[in-house]
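*Asks:* Going down the list, the sequences are from chains A and B.
Heads up: the first sequence begins at 1 in UniProt numbering, then just goes up one per residue.
Heads up: the second sequence begins at 1 in UniProt numbering, then just goes up one per residue.
Number of protein chains: 2
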Amino acid sequence: MAEHECVQLVPIFSELGSEQLDIIESIVRHHHYPAGSTLFGADDPLDSLMIVAYGQVKVYQLAANGREQLLYLLQTGDIDGEAALFENQRRTSFGEALVPTDVCSIRRSDFQDLMQKYPSISIKVLNVFGKRLNQLERQTTSTATESVEARLANYITETAAALKTYTFKLSLKKKDLATFLGTTPESISRKLALFERQGLITQKPGKVIEINDADQLLLTE
Amino acid sequence: MAEHECVQLVPIFSELGSEQLDIIESIVRHHHYPAGSTLFGADDPLDSLMIVAYGQVKVYQLAANGREQLLYLLQTGDIDGEAALFENQRRTSFGEALVPTDVCSIRRSDFQDLMQKYPSISIKVLNVFGKRLNQLERQTTSTATESVEARLANYITETAAALKTYTFKLSLKKKDLATFLGTTPESISRKLALFERQGLITQKPGKVIEINDADQLLLTE
DNA sequence: CGGATGTTTGACTCGAATCAAAAACGGTGG
DNA sequence: CCACCGTTTTTGATTCGAGTCAAACATCCG
Numbered sequence: 001m002a003e004h005e006c007v008q009l010v011p012i013f014s015e016l017g018s019e020q021l022d023i024i025e026s027i028v029r030h031h032h033y034p035a036g037s038t039l040f041g042a043d044d045p046l047d048s049l050m051i052v053a054y055g056q057v058k059v060y061q062l063a064a065n066g067r068e069q070l071l072y073l074l075q076t077g078d079i080d081g082e083a084a085l086f087e088n089q090r091r092t093s094f095g096e097a098l099v100p101t102d103v104c105s106i107r108r109s110d111f112q113d114l115m116q117k118y119p120s121i122s123i124k125v126l127n128v129f130g131k132r133l134n135q136l137e138r139q140t141t142s143t144a145t146e147s148v149e150a151r152l153a154n155y156i157t158e159t160a161a162a163l164k165t166y167t168f169k170l171s172l173k174k175k176d177l178a179t180f181l182g183t184t185p186e187s188i189s190r191k192l193a194l195f196e197r198q199g200l201i202t203q204k205p206g207k208v209i210e211i212n213d214a215d216q217l218l219l220t221e
Numbered sequence: 001m002a003e004h005e006c007v008q009l010v011p012i013f014s015e016l017g018s019e020q021l022d023i024i025e026s027i028v029r030h031h032h033y034p035a036g037s038t039l040f041g042a043d044d045p046l047d048s049l050m051i052v053a054y055g056q057v058k059v060y061q062l063a064a065n066g067r068e069q070l071l072y073l074l075q076t077g078d079i080d081g082e083a084a085l086f087e088n089q090r091r092t093s094f095g096e097a098l099v100p101t102d103v104c105s106i107r108r109s110d111f112q113d114l115m116q117k118y119p120s121i122s123i124k125v126l127n128v129f130g131k132r133l134n135q136l137e138r139q140t141t142s143t144a145t146e147s148v149e150a151r152l153a154n155y156i157t158e159t160a161a162a163l164k165t166y167t168f169k170l171s172l173k174k175k176d177l178a179t180f181l182g183t184t185p186e187s188i189s190r191k192l193a194l195f196e197r198q199g200l201i202t203q204k205p206g207k208v209i210e211i212n213d214a215d216q217l218l219l220t221e
């Protein structure tokens, strides 16, 4: 059954046997969100763990001045970035589906029972958080100390590396990419045009980018 | 015995009985670091959990252009910010003692055994990481979207709130505070002078700051 | 096809970094 | 306890990256 998928998808349950997966499946709830809809908002009670079964979710915060900061882009198989699941806290970020998205959720208390019963789950979750912390540490370092040019060049090469191809489609609108990199859509536009003039990349229709000189791109300051 | 302290200090062990604390104490190693010394560097193998028994440790990263970004300031009772303890990874950050510091460490494998034996520990660690993620998310949002002025105003009010006093001593040199806030020592100096001219704060000898108008400070854009 | 949404380009402004030098501070040893 | 030296901080002058605003242009989708 299609609905079994989300539990199997998620690495945090990977060490469990299929009987245990059945148990988990029985306590999971399924939701569907159309593109553009809100999964959760700041101040919502944080009472369940979310698993993205299919789709793409942007998780962002609002600064005091109202500006948006994209923190994570959750893909199929990712779990919700909110880390305070284990305490009684409210959310501090917003989640929005970028494409039609299926989500499974497990209530906090159920998930805590699971962690008590299967300690391997907590260790897996710890690893997920660990990776996220590392990613966020690098993001912080980079927005705080590097130029827009360098950050964008970095984003392009990292995305290409993750997809193992030199030609790929930007999965975000420039506006969202801008809030991710801590800049503006205009600046991104200009810098991409600059990279193209320098012969480092080629922009093709449909937000597709081809990297011509990855080495030089990485040297961008 | 004084050396028992570090295990008792740490909230992650708070639910354990004293017999269990004894066991943990027996597998812990003690280290001392003079002010200015390095606890660990990038590329060091990450093979143990560190607990700050006494002192202050700055944890920072280097950006590609060589600039420093302060990520955390570990105080007495904090555990090491490196999140990838549970996988076989290398460090990506540096740790430096700002004052003479005592540290206890537990080897990775020992700590993993502890987590298997006492699941409450993993949940506590999860909470610590969760808080750190939240803090880092706010830091990222703030450096990426707010002005130096707003970030500094925020830092001052938050520090005061944490210490529950309007008069406090800056625990960092301006150079370190600058890398934390993603700016330069010169800018901090100027902005503090500005706040003082505006009557929001008073600067006193010994890096002491007194807040005169917390409300107005928070409104700084 | 047409309107809305997203993107590019241009002109302008401004915050904050940089560089340089003076001033203040703080720890050390005599 | 004070004088001294290195470090930290402040102040000033200047530069520059990148944000803002506005308008033209492209693209997407119903």
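Note that CB positions come from ideal geometry on N, CA and C, so glycine has one too.
1. Any Cβ of chain A within less than 9 Å of the Cβ of B/Asn127?
2. Check each residue of the stretch 104 to 134 of chain A: if its Cβ is closer than 7 Å to any Cβ of chain B, include it; give the result in chain order.
3. Cutting at 7 Å between CB atoms, please list the residues of its own chain near A/Gly55, excluding the five before and the five after it.
4. Which value, in whole angstroms, describes the spacing of the CA atoms of A/Pro11 and A/Glu5?
5. Looking at the structure shown, is A/Gly95 part of a helix, part of a strand, or coil, going by DSSP?
6. Please check the pair A/Leu217 and A/Ile211, which I expect to be a contact at CB under 8 Å, by giving their CB distance rounded to whole angstroms.
7. Using a cut-off of 8 Å between C-beta atoms, extract the partners of B/Arg91 located in chain A.
8. Strictly below 7 Å CB to CB, what residues from chain A border B/Thr141?
9. Check whether the Cβ of A/Gly81 lies closer than 9 Å to any Cβ atom in chain B.
10. Which value, in whole angstroms, describes the spacing of the CA atoms of A/Ser18 and B/Lys191?
11. For the stretch 166 to 176 of chain A and the stretch 47 to 54 of chain A, state whether three or more C-beta atom pairs, one from each stretch, are separated by less than 8 Å.
12. Should the stretch 144 to 164 of chain A be called in touch with the stretch 104 to 113 of chain B, which here means at least 3 C-beta pairs below 8 Å?
13. Taking a contact to mean a Cβ-Cβ separation below 9 Å, would you say B/Gly81 touches A/Leu133 in this structure?
14. Below 8 Å between beta carbons is the criterion; list the residues of the stretch 141 to 165 of chain A that meet it against any residue of chain B, in chain order.
15. Would you report the Cα separation of B/Ser120 and B/Tyr72, rounded to the nearest angstrom?
16. Taking Cβ positions only, does B/Glu87 come closer than 9 Å to chain A?
17. Going along the chain, which residues of the stretch 172 to 189 of chain B sit with their C-beta nearer than 7 Å to a C-beta in chain A?
18. I'd like to know if B/Leu39 contacts chain A, where contact means its C-beta is closer than 9 Å to some C-beta of that chain.
19. Taking only beta-carbon atoms, is B/Arg138 less than 9 Å away from chain A?
20. Any beta carbon from chain B within less than 9 Å of A/Glu25's own beta carbon?
21. Pick out whichever of B/Arg67, B/Leu70, B/Lys131 and B/Glu186 has its Cα sitting closest to the Cα of B/Ile79.
22. Would you please verify whether the beta carbon of A/Glu221 is less than 9 Å from any beta carbon of chain B?
23. Output the distance between the C-alpha atoms of A/Ala42 and B/His32, rounded to the nearest integer angstrom.
24. Measure from the C-beta of A/Glu19 to each C-beta in chain B and report whether the shortest distance is under 9 Å.
25. I'd like the span of the beta strand (DSSP E) that includes A/Thr38, first residue to last.
26. Which residue's Cα is closest to the Cα of A/Lys58: A/Leu114, A/Gln69 and A/Lys204?
27. If I measure Cβ to Cβ from B/Phe180 and keep anything under 6 Å in the same chain, skipping five residues before and after, which residues do I get?
28. By the three-class DSSP mapping on this structure, what secondary structure does B/Leu177 have?
29. Is the separation between the beta-carbon of A/Leu62 and that of A/Gly95 shorter than 9 Å?
30. Just reading off the beta strand (DSSP E) that B/Ile79 is part of, what are its end residues?
31. If you draw a straight line from the alpha carbon of B/Thr38 to that of B/Arg151, how long is it in whole angstroms?
32. Which class does B/Ala64 belong to by DSSP, given the choice of helix, strand or coil?
33. For B/Thr220 versus B/Asn127, is the C-beta distance shorter than 9 Å?
*Replies:* The structure says:
1. The Cβ of B/Asn127 sits closer than 9 Å to at least one Cβ of chain A.
2. Met115, Gln116, Pro119, Ser122, Ile123, Val125, Leu126, Asn127, Phe129, Gly130, Arg132, Leu133 and Asn134
3. Thr76, Ala97, Val99, Pro100, Thr101 and Asp102
4. 12 Å
5. strand
6. 7 Å
7. Within 8 Å Cβ-Cβ: nothing; B/Arg91 doesn't reach chain A, min ~10 Å.
8. Gln61, Ala63 and Gln69
9. At least one chain B Cβ lies under 9 Å of A/Gly81.
10. Cα to Cα, the separation comes out at about 60 Å.
11. No: the two stretches stay apart, fewer than three of their Cβ pairs being nearer than 8 Å.
12. no
13. yes
14. Thr141, Ser142, Thr143, Ala144, Thr145, Glu146, Ala150 and Asn154
15. 25 Å
16. yes
17. Gly182
18. no
19. yes
20. no
21. Distance check between B/Ile79 and each of B/Arg67, B/Leu70, B/Lys131 and B/Glu186 places B/Lys131 closest, using alpha-carbon atoms only.
22. Taking 9 Å as the threshold, the shortest C-beta distance from A/Glu221 to chain B falls below it.
23. 43 Å
24. no
25. Thr38 to Phe40
26. The shortest Cα separation from A/Lys58 among A/Leu114, A/Gln69 and A/Lys204 belongs to A/Gln69.
27. Leu70
28. helix
29. no
30. B/Ile79 -> no beta strand (DSSP E), and no H or E assigned at all.
31. 28 Å
32. coil
33. no
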